[in-house]
Amino acid sequence: MRKVKRIAGNIGFGFGVLMLVSPAILVFLWMLSLSLKTELDNTDYPPVFIPNPPVMDNFAAVFERNDFVKYALNSVIVSFSATGLAILFGVPAGYGIAKMKATKAAVVILIARITPGLSYLIPLFLLFQWIGLTGTVAPIIITHLVITVPIVVWIMMGFFEGLPPELEEAALVDGATIWQAFRHVAMPLARPGITVATILSFIFSWNNFIFAMVLAGRESRTLPVAVNNMLTFEQISWGPLSAAALLVTAPVLLLTLLAQKQIVAGLTAGGVKGG
Amino acid sequence: MEGTASLAGTAAAGAAPRRRRNYARHYWWFVVPCGAVVLGTIVFPWVFTLYMSVHEWRLGGGRSWVGFANYAKLVEDERFLLSILRTLYFTALSVLLPMVLGLLAALAFHRKFPLRGLARTIFILPMMATPVAVALVWTMMFHPQLGVLNWLLQQVGLPPSMWVYAPETVIPTLVLIEVWHWTPLVMLILLGGLASLPIDPYEAAKIDGATPWQAFRHITLPLLAPFLVVALIIRTIDALKAFDTIYVITQGGPGTASETINIFLYLQAFAYYNLGYASAVVVVFFTIIIALAMVLLWTRARVKDA
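For the protein sequence lines, the chains are A and B, in the order given.
Every letter in the first sequence is one number past the one before it in full-length UniProt numbering, and letter 104, counting from 1, is 104.
Every letter in the second sequence is one number past the one before it in full-length UniProt numbering, and letter 58, counting from 1, is 58.
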């Protein structure tokens, strides 16, 4: 009797877990299904669920019509530059803040992290107009620093605070400069933290929509903006639209699947420690 | 830390005593380059926004000092006041539902079961997905005649909904997406909290014959409280900031039925080019969020003490 009750309990629990994960699975599967069906099937009612046969026409259409490759390249340039610069500036800063216990500096980072992105845009928009940068990817990279730098500093600060100081002190005693102690002792130890910071800042830069939407010209659009424009300006056809949406989000989904351990660690730390 | 360092310095017997004395000051050089970046991209916009908010500032149309007129106008602007109410409505729902669902999910993922790692990874996928891309798919699912959601409602015998196409249902529908998107973050924070709980109280409770519900109610909930507060505040701030999904799907419509502060701000700045007026909106919005940041810091201090 008790065994039956336990099995029933397990089945109930399994069903509960299924209910929890199914919204996530179903939305992505529906995205995939729409992108692999013909336009006829996509606008059929009741809906056709399994593409039969699956067609690649929608993906071909995306690559043909929309300068998709150019926008993808823009996205890659922007996300890599914004992440690289954030690591370059943010890792030493996180180290300095941790060493000096400069909590006031941390407050600026924290406020930056919670301010709506839109509120930076008005002054920066004017600034870029004055110095004539609009229409290139430069302003987009610079504004993405607003997102990536706080992420990197926040994660690295927490990480360096958690490192045991003895090794660097030994290096200092041996006559190393503090830069050498940072470069050759602390940084190699902090590599897992740098990985987490890189992945998260890349994903959030890649996903960002609003900065590029306001600042990008025809030539400098990133993928999220390009996909949104497909919805607004072109005749809406569900197949190519879903195919484009899938291509935009596929890199970050793949990265999440591959690096889920680091992402979970980074977000939990970032969340609990105040990001 | 600095104490140990100076001890080490004495032990090194004057190998490089001068460097060690100005220990903290040298570390400033690690922060300076990043400080310059933050000053240019983050602090400059804050200050310049304050300056703009006391001007009548139209793009291409010059500017003039108007004092606090923009703020006075805001207080009387019915469209702005309604956008605040909508933001509060949207935020309340977008905080409450993910908190409840996130807690349930965290409790589930805290238990060991087959394929737990895979299930957890799938569960956090929505949070990492590109919001614009997902918003497009939701738009297609909401289609009143051809959308898959109305078909699902029909299958379980419910009447079809207008989803984002009717003023009454548009905000709850947008909340639905917000819940889908951000429940995973609440789950992760609470899961981290659950992992840090001590096991002794549970063993004591078991010996005393407590039911699982009693253990949850009297041990888990109180111990998890600091994490619940952190999740609550992060969720509140993120819900206030919500923009991408709302803009992509409704642009504030139908009419102004889903025009939150953020959408109102966007339209004032980049559709009507009232830059001064929009800056005043930013300042008001910013003040609300700073107040929340204070609460967040205060909570953080308490979590650290606990």
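Idealized CB from N, CA, C, for every residue including glycine.
- Taking 8 Å as the CB threshold, ILE237/B lines the interface with chain A.
- Collapsing the DSSP output to three states places GLU168/B in coil.
- Two segments are said to touch when three or more pairs of C-beta atoms, one from each, lie closer than 8 Å; by this definition the stretch 137-151 of chain B touches the stretch 161-170 of chain B.
- With respect to chain B, the C-beta atom of GLY239/A has no partner C-beta closer than 8 Å.
- Identification of chain A residues near GLN145/B by a Cβ-Cβ cut-off of 9 Å yields TYR45, ordered along the chain.
- Under the three-pair Cβ rule at 8 Å, the stretch 209-223 of chain B does not count as touching the stretch 171-181 of chain B.
- At least one CB of chain B lies nearer than 8 Å to the CB of LEU253/A.
- When Cβ-Cβ separations below 8 Å define contact, THR249/A makes contact with chain B.
- The continuous alpha helix (DSSP H) containing ARG2/A extends over residues 2-35.
- Unbroken alpha helix (DSSP H) runs of no fewer than 4 residues, entirely contained in the stretch 260-289 of chain B, are found at 261-270, following chain order.
- Judged by DSSP in its simplified three-state form, SER64/B adopts strand.
- Not a single unbroken stretch of the beta strand (DSSP E) spanning 3 or more residues falls wholly within the stretch 217-245 of chain A.
- Boundaries of the beta strand (DSSP E) harbouring TRP57/B: 55-57, taken from the DSSP string.
- Between ALA239/B and THR130/B the beta-carbon gap is near 19 Å, outside 8 Å, which marks them as no contact.
- When secondary structure is reduced to three states using DSSP, GLN260/A falls in the helix class.
- In the three-state reduction of the DSSP assignment, LYS101/A falls in the coil class, being assigned neither a helical nor a strand state.
- In this model, LEU145/A and GLN262/A are separated by some 22 Å (Cα to Cα).
- Counting only Cβ-Cβ distances below 7 Å, VAL196/A has no contacts in chain B at all, with the closest Cβ about 13 Å away.
- Within the stretch 262-293 of chain B, contact with chain A at the beta-carbon level (separation under 8 Å) is assigned to ASN262, LEU265, TYR266, ALA269, PHE270, LEU275, ALA278, SER279, VAL282, PHE285, PHE286, ILE289, ILE290, LEU292, ALA293.
- Annotation for VAL185/A: no alpha helix (DSSP H) segment contains it, and DSSP assigns it neither H nor E.
- Against ASP244/B, the close residues of chain A are PHE209, ILE210, in the order they occur along the chain (beta-carbon pairs closer than 7 Å).
- TRP154/A: member of the alpha helix (DSSP H) spanning 138-162, first to last residue.
- ALA231/B is a Cβ neighbour of VAL186/B, given a cutoff of 8 Å.
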